[in-house]
Amino acid sequence: MNIIVTQTPVEAGIAGAAVIADLIRTNRRAVLGLATGSSPLPVYEALEQLNLDFTQVQGFALDEYVGLPDGDLRSYATVIRTEVVERLGLRPERVHLPRSCSAEQDDGAAYETAIARAGGIDLQLLGIGSNGHIGFNEPGSSFDSRTRVLTLADQTRSDNARFFDSLEDVPHKAISQGLATIFEARHLLLIAHGIDKSAAISRALRGPITESFPASILQRHGSVTIVLDTAAATDLMLRPSGAQGGL
Ligand code: GLP
Numbered sequence: 036m037n038i039i040v041t042q043t044p045v046e047a048g049i050a051g052a053a054v055i056a057d058l059i060r061t062n063r064r065a066v067l068g069l070a071t072g073s074s075p076l077p078v079y080e081a082l083e084q085l086n087l088d089f090t091q092v093q094g095f096a097l098d099e100y101v102g103l104p105d106g107d108l109r110s111y112a113t114v115i116r117t118e119v120v121e122r123l124g125l126r127p128e129r130v131h132l133p134r135s136c137s138a139e140q141d142d143g144a145a146y147e148t149a150i151a152r153a154g155g156i157d158l159q160l161l162g163i164g165s166n167g168h169i170g171f172n173e174p175g176s177s178f179d180s181r182t183r184v185l186t187l188a189d190q191t192r193s194d195n196a197r198f199f200d201s202l203e204d205v206p207h208k209a210i211s212q213g214l215a216t217i218f219e220a221r222h223l224l225l226i227a228h229g230i231d232k233s234a235a236i237s238r239a240l241r242g243p244i245t246e247s248f249p250a251s252i253l254q255r256h257g258s259v260t261i262v263l264d265t266a267a268a269t270d271l272m273l274r275p276s277g278a279q280g281g282l
């Protein structure tokens with residue numbers, strides 16, 4: 036596991052973009068797993084400055100809320116369109132999103148098939164939730180889980196309420212790549228900044244590997260880059276490699 040600590044979120048974005056740029060320069064037909072939330076935005080901004088050719092790249096979004104209307108500004112489909120497709124110049128038809136019109140209609144299996152047909156994901160970009168979720172895989176998600184509709188934790192709805200007018204507006208359901216789906220990506224690149232992520236980063240990278248803290252699965256993956264700003268790295272710096280135990 037390669038851990039990079041930078042001074043600021045902008046510098047974390049530049050460091051994360053460099054990892055993706057290395058991949059695109061060696062494989063212009065690379066398959067990217069695309070994260071949303073606030074953490075990856077500096078990465079996309081830094082990538083834009085590099086003027087790479089993304090026209091042959093394929094993208095698979097990590098997750099999406101269930102129940103938001105088409106075109107809703109809070110939907111991850113909108114974020115992927117504006118922050119990734121339009122910013123970087125990917126072809127819209129080469130970018131895929133997990134879809135579910137309702138909690139009852141789960142198209143997760145079709146999404147898994149589409150990822151497999153693309154040859155699997157070369158690099159999966161990730162953020163982390165304060166409760167240790169990756170994608171929307173909440174604590175208790177199986178390490179064997181695949182793309183599916185799931186119920187959001189109260190903590191996640193509360194954390195994400197800042198993107199909505201009120202907590203009541205935050206959807207209760209989402210569709211997300213599963214932990215097994217994420218784990219199959221050939222490289223994982225996790226970005227975190229801010230002191231609010233510090234405890235989660237420390238527990239994910241130094242705590243016990245457990246489905247109670249989904250991001251801990253990263254410790255089992257053989258090819259991982261973690262990019263943190265100094266605030267997000269605070270707890271990790273106090274916890275030497277090899278130390279185990281919950282926080
Ligand atoms: C959200 C998303 C995740 C994201 C995480 C952190 O709920 N589902 O994909 O990584 O939580 O979000 P942020 O980067 O905005 O803190």
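Each number in the working numbering corresponds to the 1-based position in the sequence shown with 35 added.
For every residue, glycine included, the Cβ atom is placed at its ideal position computed from N, Cα and C.
Between G162 and G155, what straight-line distance do the alpha-carbon atoms span, to the nearest angstrom?
As a first step, residue 162 must be located in the sequence shown, where it is residue number 127. As a first step, residue 155 must be located in the sequence shown, where it is residue number 120. Roughly 20 angstroms separates the two Cα atoms.
Can you pull the DSSP bridge partners for V259?
Position 224 of the sequence shown, counted from the first residue, corresponds to residue 259. In DSSP, V259 forms a bridge with L223.
DSSP three-state assignment for Q212, whether helix, strand or coil:
Translated into positions along the sequence shown, residue 212 becomes position 177. Here Q212 sits in coil by DSSP.
Quick one: does the C-beta of D98 sit closer than 6 angstroms to a heavy atom of the ligand GLP?
The count along the sequence shown starts at 1 and reaches residue 98 at position 63. At least one heavy atom of the ligand GLP is nearer than 6 angstroms to the Cβ of D98, so yes.
Which residues DSSP lists as bridging A96, in chain order
Numbered from 1 along the sequence shown, position 61 holds the residue referred to as residue 96. Looking at the DSSP assignment, A96 forms a beta bridge with L69.
Hey, which unbroken runs of the beta strand (DSSP E) at 3 residues or more fall wholly within the stretch 135 to 168?
158 to 161
Inside the stretch 36 to 69 only - beta strand (DSSP E) runs reaching at least 3 residues:
37 to 41, 66 to 69
Please identify the residue among Q159, I169, T90, I252 whose C-alpha is closest to the C-alpha of P127.
What you label residue 127 is simply residue 92 of the sequence shown in a count that begins at 1. Residue T90 is the option with its Cα nearest to P127.
Three or more beta-carbon pairs under 8 angstroms between the stretch 233 to 246 and the stretch 157 to 177, yes or no?
yes
Three or more C-beta pairs closer than 8 angstroms, one from the stretch 42 to 49 and one from the stretch 60 to 71: is that the case here?
no
C-beta atoms of L263 and A220 nearer than 7 angstroms
Residue 263 sits at position 228 when you count from the first residue of the sequence shown. Residue 220 sits at position 185 when you count from the first residue of the sequence shown. Contact flag unset, no.
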